[in-house]
Amino acid sequence: MKLVVDVLGIFRFVSIVTDPQVTIKNYICQIEREFQQMYTLAISPQFSVLSKFSSSKDLLLPSDIVGVVLTEGEKLLATPDEKWAETLRQSPWAVLGIDETEFEVRIELLRKIYGEQCNFAVLGSCLLRASGNLSKATAICSFIRPDILNSTRRIIFVRPRESTVRRVDLGIGSEGETRKVKL
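Using my numbering, the first residue of the sequence shown is number 21, and each one after it goes up by one.
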């Protein structure tokens, strides 16, 4: 069973439940491991509460069985411990494991790409989603609507085309005859 996990509206990932008979308490431990593997942050959270995305007030009890209370493709909210959430708000660079100046340099580089007037919080969020990787953060920003980013630039990344025609050795005779072949 695949479930989509949302953490503070910044981090999102797909979690695969291998045993639907596992309790929510044990599933939260699995989510913590998956989160750490996915984002490789210097400081990883412990999730205190898990709830359905559709009704965040409806908390899932630690003794509930995953296969009983959740369905395939459902979105979940994973609430991290308050200390980690506060660290994320006050000093996101600490969560990434870099110093403040390096974080600001990376945000400034993103601003040079997308425009000086870009929303600092949105750029910071992209950098967090990319685990501090600047090239990944640039790609993530390209998916955000320009009005949310507060930018007039729309940047689209394209992959260069590969040659669709190659010369192939036919292996006939000593001259090494070749012919163009479409791929």
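Note that the Cβ used here is the ideal one computed from N, Cα and C, for glycine as well.
Closest to residue i by C-alpha separation, out of the options, would be which residue?
i: D26; options: F67, D119, V37; result: F67
i: E52; options: L70, Q41, V125; result: L70
i: L129; options: K22, S83, S155, I164; result: S155
i: D39; options: P82, D78, V88; result: V88
i: L28; options: L143, W104, S162, A114; result: W104
i: I127; options: R109, V115, G117, V142; result: V142
i: R131; options: W113, L116, C161, L108; result: C161
i: M58; options: S111, N153, N46; result: N153
i: R173; options: T158, G135, S151, E124; result: G135
i: K77; options: I85, L96, L61, V86; result: L96
i: N46; options: S35, S83, S111, Q56; result: S83
i: S74; options: Q110, Q56, L61, E94; result: E94
i: I133; options: L81, P166, E122, I118; result: P166
i: E54; options: A62, I63, I36; result: I36
For residue i, which residues from the same chain have a beta carbon less than 8 Å from its beta carbon, with the 5 sequence-adjacent residues on both sides left out?
i: S145; result: I30
i: D101; result: P65, Q66, F67, S68
i: L79; result: V69, L70, S71
i: A157; result: R126, L130, L143, C146, L147, R149, A150
i: E120; result: S111, W113
i: T60; result: S151
i: E122; result: W113
Taking the DSSP output, what are the residues bridged to residue i?
i: I85; result: T43
i: F33; result: V25
i: P100; result: F67
i: K132; result: In DSSP, K132 forms no bridge with anything.
i: K72; result: L96
i: R79; result: According to the sequence displayed, residue 79 carries Leu and not Arg. The partner list for L79 (beta bridge, DSSP) reads S71.
Once you ignore the five residues that flank residue i on each side, which residues in its own chain have a CB closer than 6 Å to its CB?
i: R32; result: D26
i: I108; result: For clarity, residue 108 is Leu in the given sequence; the question names Ile instead. Once the five neighbours on either side are set aside, the close Cβ partners of L108 are V115.
i: V42; result: V86
i: T99; result: S68, V69
So, with DSSP's three-state summary, where would you put residue i?
i: F123; result: helix
i: L169; result: helix
i: L116; result: helix
i: S155; result: helix
i: T38; result: coil
i: A105; result: helix
i: F55; result: helix
i: I164; result: coil
i: Q137; result: coil
i: S111; result: coil
i: L90; result: coil
i: I175; result: coil
Only counting the same chain, and skipping five residues up and downstream in sequence, which positions put a Cβ closer than 7 Å to that of residue i?
i: L90; result: L23
i: E92; result: M21, K22
i: N139; result: L169, N170
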